[in-house]
């Protein structure tokens, strides 16, 4: 695919030279990029060490997206078995090319990974501006500046269901200090709902970039009650999730938004969503790139299972998982299961599943991936191989455990589809 000059220019200006969209064969689509024609070379000019590039019969480079082999590999995952294959193929074709290069969100400029179906008027832009509080999006900086002067939103809509300010260190430091914040909370139903009060809170280490945070808060947002916010949140997440399809309307989902508490308001860090009428405890999960590598992914997973435990049921994420999501879940499951194994000698899979709110299939998958399941050759009966040395070696590869979720800080009632608000769906 070739991008005309009028839409080119990563710096925001128009250049005379067109660009070609390049997909690196064998690598994830997040590495795809627009490349100027002057940087392209014919296949005869490239050494064998650089791999094989597609070409036409004349020897010219042929711009390509995802070939048939890669498409079949992407579709071969049995996690897609409950999704229409034709829809998936159409979705894959429509999202093949990245049209937004980067977003500006607060103090961060973040490179985008994938296509997101934003309205056409903001597509094909080198840098899109997003309000970090209401998630409104703007193609031009002057529009965003004008919005910032008028926007009074300082936190996600819905109800604050969890807050932790007792001890919080986002960047791994140990020092704490006390500051005074002045954050106005418009609703009076959540935790810390004294509107306009000045709150003394304990601050963890600096999160980077000279920004202090006084804790974290999690908000439950009903997609049926806050449709625009949840749609904007889905647009943002699609920039960084390849498997997200945006196929279903947001009124079918509940969104749990993780925020850092700052002096100027609540900055969104990530979220997970779950379908109101599904047994899965997570439908989609994301930590924004600027907040990754701080333990927030495991924390969101831990919080989703804390909600499932309070509901009195087992939970499992919806498939397919992204590559980063799968790594986070496998590490989280391993850490939780290894912690249980250290204190038990006799147990059943169902007992562990009830204690942790895990699905038994996820437990078996985790044990198998860790090479802890062995089959007796004569009886074909399966056994777990567990030793102190094996547990110690495996634990050393999993990193730090997730920050705990304190049940005393949780102010939440499970969603009841029969008692929930009546939802009108446009035909």
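Residue numbers (UniProt numbering): 1 to 427. We put the beta carbon where it would ideally sit given N, CA and C, even for glycine. Being a predicted model, the structure only gives us computed values, none of them experimental.
Which of helix, strand or coil DSSP assigns to residue i
i: residue 234; result: helix
i: residue 254; result: strand
i: residue 348; result: coil
i: residue 32; result: coil
i: residue 295; result: coil
i: residue 416; result: coil
i: residue 97; result: coil
i: residue 301; result: helix
i: residue 329; result: helix
Alpha-carbon to alpha-carbon, residue j and residue i
i: residue 295; j: residue 248; result: 29 angstroms
i: residue 271; j: residue 380; result: 43 angstroms
i: residue 410; j: residue 310; result: 10 angstroms
i: residue 111; j: residue 36; result: 18 angstroms
i: residue 344; j: residue 400; result: 22 angstroms
i: residue 116; j: residue 390; result: 43 angstroms
i: residue 279; j: residue 308; result: 10 angstroms
i: residue 284; j: residue 378; result: 43 angstroms
i: residue 121; j: residue 360; result: 47 angstroms
i: residue 355; j: residue 123; result: 47 angstroms
i: residue 405; j: residue 223; result: 24 angstroms
i: residue 287; j: residue 388; result: 34 angstroms
i: residue 42; j: residue 254; result: 51 angstroms
i: residue 38; j: residue 369; result: 46 angstroms
i: residue 263; j: residue 215; result: 11 angstroms
i: residue 40; j: residue 240; result: 27 angstroms
i: residue 357; j: residue 144; result: 43 angstroms
i: residue 238; j: residue 324; result: 14 angstroms
i: residue 148; j: residue 131; result: 7 angstroms
i: residue 413; j: residue 229; result: 22 angstroms
i: residue 352; j: residue 127; result: 48 angstroms
i: residue 150; j: residue 142; result: 13 angstroms
Whether residue i touches residue j by CB criterion (7 angstroms)
i: residue 104; j: residue 140; result: no
i: residue 402; j: residue 302; result: yes
i: residue 154; j: residue 137; result: no
i: residue 415; j: residue 276; result: yes
i: residue 217; j: residue 261; result: yes
i: residue 334; j: residue 398; result: yes
i: residue 297; j: residue 322; result: no
i: residue 135; j: residue 233; result: yes
i: residue 269; j: residue 317; result: no
i: residue 266; j: residue 118; result: no
i: residue 113; j: residue 158; result: no
i: residue 349; j: residue 330; result: no
i: residue 108; j: residue 290; result: yes
i: residue 337; j: residue 366; result: yes
i: residue 125; j: residue 100; result: yes
i: residue 156; j: residue 243; result: no
i: residue 98; j: residue 32; result: yes
Sheet register partners of residue i (DSSP bridge)
i: residue 111; result: 102
i: residue 163; result: 217
i: residue 222; result: 254
i: residue 273; result: 255, 284
i: residue 312; result: None; residue 312 has no bridge partner.
i: residue 460; result: The structure shown does not extend to residue 460, since the chain is modelled only from 1 to 427, so the question has no answer here.
i: residue 320; result: In DSSP, residue 320 forms no bridge with anything.
Near the ligand NAP: residue i beta-carbon under 6 angstroms from a heavy atom
i: residue 276; result: No copy of the ligand NAP occurs in the structure displayed, which carries no ligand at all.
*Taking only runs that begin and end inside the region 341-412, name each unbroken beta strand (DSSP E) of 3 or more residues, in chain order.*
373-375, 382-384
For a minimum of 4 consecutive residues, which ranges assigned as the alpha helix (DSSP H) are wholly contained in the region 128-161? 141-150
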